[in-house]
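All residue numbers for the sequence shown refer to UniProt numbering, where the first residue is 1 and numbers rise by one. Glycine included, each C-beta is placed from N, C-alpha and C at the ideal position. Reading through the structure tokens given below for one structure.
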Amino acid sequence: MIEEYIIPILVIAVIILSQSLKMVKEYERVVIFRLGRLSGVKGPGLFLIIPIIDSVVKIDLRVVTIDVPKQAVITKDNVTVAVDAVIYYRVLKPAAAVTEVENYKFATAMLSQTTLRDVIGQIELDDVLSKRDTINKDIQELLDASTDPWGIKVTAVTLRDVSIDETMLRAIAKQAEAEREKRARIILSEGEFLAAEKMRQAAQLYQDMPAAIKLREFQTIAEVAREKNLIVISTSSNTAEIAALSKAFSQK
């Protein structure tokens, strides 16, 4: 009589044991709820649970990639750009990821989209194009702070593409050309200013030393005479003074 129940009992025992014995991999953890209350986190390896009384939720601890789809964003200077990005995150606290948010994957993806729009909307177009590293860091810090109560760690953010329509691209090209022309004019003006300053200093020198201008005149005549093979006879009354001045300049 007893032998008739041995096999069913063994079958039931095997079923209960199979339901009680759980195994998770190195990169996984299991959050256990006992009668609806959080009991703890198990893993990796083998462990036992109480069937029917215990329920489990498996969490992957590996880095997860979120592909934020391209979306239109208005920058601080009212320029519409299309931006997409890639977000990398991982679960650090499995219990919080299960108990603090209904679906941490969906919530993190939605938060990434809104944070991307908010950050880009506070920056001018020139900075969006030239300061991607700073923008990536700002988005990462904001996401990390927002997802921390969920047990999530945002490890990296990368802006993948920033697209602008053709009309705006032409306007940017014209602006760059105008900026280059402006810089060229500034350099030319600075050169003219320096030349005028040197001429002013020379005029002041000639005014303070009248013989100097006469010396300059003689130098010019001498250069012309050399080129034309001429003989120049001076009738100036202050030749001696000019010669002395010439000697003084040559000594300097």
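Every unbroken stretch of the beta strand (DSSP E) spanning 3 or more residues and falling wholly within the segment 124-198 is given here in chain order: 152-163.
For the pair I139 and T155, the CB atoms are not nearer than the 8 Å cut-off. If you look at I120, you'll find it in the alpha helix (DSSP H) that goes 104-121. For V81, the pairing in a beta bridge is given by DSSP as V73. Of all C-beta pairs linking the segment 53-70 to the segment 117-128, fewer than three are shorter than 8 Å, placing the two stretches out of contact.
Shown here, L21 sits in a strand according to DSSP, grouped into three states.
Under the three-pair Cβ rule at 8 Å, the segment 76-85 does not count as touching the segment 46-64.
The Cβ atoms of D54 and R29 lie no closer than 8 Å to each other. Sorting D133, D144, D148 by C-alpha distance to the C-alpha of D161 places D133 at the top. Pairing K131 with D118, the inter-Cα distance amounts to about 16 Å. By the neighbour-count criterion, in which 16 or more other beta carbons inside 10 Å mark a residue as buried, V11 falls on the exposed side. Note on Y89: 16 or more other CB atoms within 10 angstroms of its CB, so buried under the neighbour-count rule. L61 is the residue among I16, L61, I9 whose C-alpha sits nearest the C-alpha of I152.
One alpha carbon belongs to I9, the other to L21, and they sit about 18 Å apart. DSSP, read as helix, strand or coil, puts Y5 in helix.
For V56, no alpha helix (DSSP H) segment is defined; the enclosing uninterrupted segment is the beta strand (DSSP E) at 54-60.
Contact between the segment 187-196 and the segment 140-150 is absent: fewer than 3 CB-CB pairs across the two stretches fall below 8 Å. One Cα belongs to A96, the other to Q113, and the distance between them is close to 22 Å.
DSSP places V98 in the helix class (H, G or I) of the three-state scheme.
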